[in-house]
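Under our numbering, the sequence shown is numbered contiguously, ending at residue 103.
Here the structure comes first, spelled out in C-alpha coordinates, and everything after it is commentary.
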Amino acid sequence: FSLWMNGFTAFSIKPLRLATLLGALSACIGFITGLIIIIRKMLGHDFLTGWSSTIAILLFMFGIVLIVLGLIGEYLGRIYLCINQTPQFVIRDVVNNPSTDDK
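Set out below in C-alpha coordinates:
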(Lines of atoms letter the chains of each structure in order from A and count residues from 1; the text may use other names and numbers.)
(Lines give C-alpha, C1' and ligand atoms only; values in the text may rest on other atoms or scores of the structure.)
Protein backbone atom coordinates (compact mmCIF):
# COMPACT_ATOMS: atom_id res chain seq x y z
CA PHE A 1 0.00 0.00 0.00
CA SER A 2 2.78 2.46 0.82
CA LEU A 3 4.44 1.91 -2.57
CA TRP A 4 1.14 2.64 -4.31
CA MET A 5 0.56 5.75 -2.19
CA ASN A 6 4.09 6.99 -2.90
CA GLY A 7 3.62 6.51 -6.64
CA PHE A 8 0.20 8.16 -6.49
CA THR A 9 1.32 11.28 -4.64
CA ALA A 10 4.98 11.74 -5.65
CA PHE A 11 4.59 12.97 -9.23
CA SER A 12 1.31 14.86 -9.23
CA ILE A 13 -0.75 17.45 -7.41
CA LYS A 14 -4.05 15.97 -8.60
CA PRO A 15 -4.79 14.28 -5.24
CA LEU A 16 -4.45 17.70 -3.63
CA ARG A 17 -6.90 19.13 -6.15
CA LEU A 18 -9.38 16.47 -5.01
CA ALA A 19 -9.51 18.07 -1.55
CA THR A 20 -10.26 21.44 -3.12
CA LEU A 21 -13.06 19.99 -5.24
CA LEU A 22 -14.57 18.10 -2.31
CA GLY A 23 -14.45 21.29 -0.26
CA ALA A 24 -16.18 23.27 -2.99
CA LEU A 25 -18.84 20.57 -3.31
CA SER A 26 -19.41 20.49 0.44
CA ALA A 27 -19.61 24.29 0.66
CA CYS A 28 -22.13 24.37 -2.20
CA ILE A 29 -24.26 21.67 -0.57
CA GLY A 30 -24.14 23.56 2.72
CA PHE A 31 -25.14 26.82 1.03
CA ILE A 32 -28.01 25.17 -0.86
CA THR A 33 -29.16 23.42 2.31
CA GLY A 34 -29.14 26.76 4.11
CA LEU A 35 -31.26 28.34 1.37
CA ILE A 36 -33.73 25.45 1.49
CA ILE A 37 -33.99 25.77 5.26
CA ILE A 38 -34.67 29.52 5.01
CA ILE A 39 -37.29 29.05 2.29
CA ARG A 40 -39.05 26.23 4.15
CA LYS A 41 -39.01 28.24 7.37
CA MET A 42 -40.59 31.20 5.57
CA LEU A 43 -43.30 28.90 4.17
CA GLY A 44 -44.15 27.70 7.67
CA HIS A 45 -42.63 24.22 7.70
CA ASP A 46 -41.19 23.42 11.10
CA PHE A 47 -37.88 21.62 11.64
CA LEU A 48 -36.16 20.32 14.70
CA THR A 49 -34.94 23.38 16.52
CA GLY A 50 -31.33 24.15 15.64
CA TRP A 51 -30.51 20.83 13.96
CA SER A 52 -30.91 21.81 10.30
CA SER A 53 -29.21 25.18 10.63
CA THR A 54 -26.31 23.55 12.49
CA ILE A 55 -25.86 20.96 9.73
CA ALA A 56 -25.97 23.63 7.01
CA ILE A 57 -23.42 25.80 8.82
CA LEU A 58 -21.12 22.84 9.48
CA LEU A 59 -21.25 21.70 5.85
CA PHE A 60 -20.51 25.19 4.60
CA MET A 61 -17.69 25.93 7.04
CA PHE A 62 -15.97 22.54 6.65
CA GLY A 63 -16.25 23.00 2.89
CA ILE A 64 -14.46 26.35 3.17
CA VAL A 65 -11.78 24.74 5.37
CA LEU A 66 -11.24 21.97 2.80
CA ILE A 67 -10.97 24.53 0.00
CA VAL A 68 -8.30 26.45 1.91
CA LEU A 69 -6.40 23.27 2.80
CA GLY A 70 -6.55 22.14 -0.82
CA LEU A 71 -5.16 25.47 -2.03
CA ILE A 72 -2.34 25.37 0.51
CA GLY A 73 -1.63 21.79 -0.51
CA GLU A 74 -1.50 22.75 -4.18
CA TYR A 75 0.99 25.52 -3.43
CA LEU A 76 3.15 23.12 -1.42
CA GLY A 77 2.86 20.47 -4.13
CA ARG A 78 3.97 22.89 -6.82
CA ILE A 79 6.89 24.04 -4.67
CA TYR A 80 7.87 20.40 -4.12
CA LEU A 81 7.72 19.63 -7.85
CA CYS A 82 9.82 22.72 -8.66
CA ILE A 83 12.45 21.92 -6.04
CA ASN A 84 12.58 18.20 -6.82
CA GLN A 85 13.06 18.75 -10.59
CA THR A 86 12.01 15.19 -11.45
CA PRO A 87 9.91 14.57 -14.54
CA GLN A 88 6.25 13.83 -13.95
CA PHE A 89 6.40 10.94 -16.38
CA VAL A 90 8.94 8.39 -17.63
CA ILE A 91 9.31 7.39 -21.30
CA ARG A 92 9.58 3.62 -21.53
CA ASP A 93 10.12 3.18 -25.29
CA VAL A 94 10.65 5.49 -28.26
CA VAL A 95 8.81 4.22 -31.33
CA ASN A 96 9.43 5.44 -34.91
CA ASN A 97 11.55 8.45 -34.05
CA PRO A 98 13.66 9.37 -37.11
CA SER A 99 16.29 11.20 -35.06
CA THR A 100 17.27 7.99 -33.22
CA ASP A 101 17.47 5.71 -36.29
CA ASP A 102 20.91 4.60 -37.48
CA LYS A 103 21.98 6.41 -40.65
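We treat Cβ as the ideally placed atom computed from N, Cα and C, and that holds for glycine.
Remember, predicted model here, so these are calculated numbers, not experimental data.
Can you tell me whether residue i is buried or exposed, with buried defined as 16 or more other CB within 10 angstroms of its CB?
| i | result |
| --- | --- |
| LEU59 | buried |
| GLY70 | buried |
Roughly how many whole angstroms lie between the Cα atoms of residue i and residue j?
| i | j | result |
| --- | --- | --- |
| GLY44 | ALA24 | 30 Å |
| ILE57 | ILE29 | 10 Å |
| ILE7 | ASN96 | According to the sequence displayed, residue 7 carries Gly and not Ile. Answer to the nearest angstrom: the Cα atoms are 29 Å apart. |
| LEU76 | ILE39 | 41 Å |
| MET5 | SER12 | 12 Å |
| SER52 | SER2 | 40 Å |
Kindly give me the distance between the Cβ atoms of residue i and residue j, rounded to whole angstroms, as I take these residues to be in contact under 8 Å.
| i | j | result |
| --- | --- | --- |
| SER26 | PHE62 | 6 Å |
Query raised in the report: Can you give, in chain order, each stretch of the beta strand (DSSP E) that sits fully within the stretch 22-73 and has at least 3 residues?
Result: Counting only runs of at least 3 residues, the stretch 22-73 fully encloses no beta strand (DSSP E) element at all.
Query raised in the report: Does the stretch 24-35 come close enough to the stretch 72-88 to have 3 or more Cβ pairs within less than 8 Å?
Result: Contact between the stretch 24-35 and the stretch 72-88 is absent: fewer than three C-beta pairs spanning the two stretches fall below 8 Å.
Report task. Please confirm if the stretch 9-25 is in contact with the stretch 48-67, defined as three or more CB-CB distances below 8 Å between the two stretches. Result -> Verdict: yes, contact present.
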